[in-house]
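Residue numbers (the numbering used here): 2 to 156.
See below:
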């Protein structure tokens, strides 16, 4: 049995570095059963297209607010396992965290705010209780010092 991966990130889209990291992970991962995302423009939409190209089924947790919605469920290709009813951002974030084995985040800054920051905080809180949940934050750019390219479950 494979894993369910959740994705969250900036509506500005991934940096080149984050895009390469996502492509690498999703291409070499032994078995991703599903990719869950919040159906927002930017990182969610990028990963949705990547999942289609790689043949990975998607699960969409759309927001109730339409302003930044990507409407990935309207694409006429790829497999969608489920599209949930729209929820307010905090509830949608919690639904993604509760549905996955791993959360990969691509924030805009080192101190993520908004729905990306909320989702990371929810996932880290859950991971402290449920050691089966992995949380990976892909930094905007590679850093030679410290943790390098990812921040995996920092304290």
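Glycine is no exception: its CB is placed at the ideal position from the N, C-alpha and C atoms.
The Cβ neighbour count for residue 103, taken over all protein chains shown within 10 Å, is at least 16; the residue is labelled buried. Only exposed fits residue 25, as fewer than 16 other CB atoms lie within 10 angstroms of its CB. Sequence-distant partners of residue 48 (beyond 5 residues in either direction) whose C-beta falls short of 7 angstroms from its own C-beta, in its chain, are 8, 23, 36, 38.
Within the same chain, 71, 73 come within 7 angstroms of residue 46 by CB-CB distance, once the 5 residues on both sides are set aside.
Within the DSSP secondary-structure output, residue 104 pairs in a beta bridge with 7, 136. Secondary structure of residue 49 (DSSP, three-state): helix. Following the DSSP letters along the chain, one finds residue 125 inside the alpha helix (DSSP H) bounded by residues 115-130. The C-alpha of residue 131 lies about 14 angstroms from the C-alpha of residue 122.
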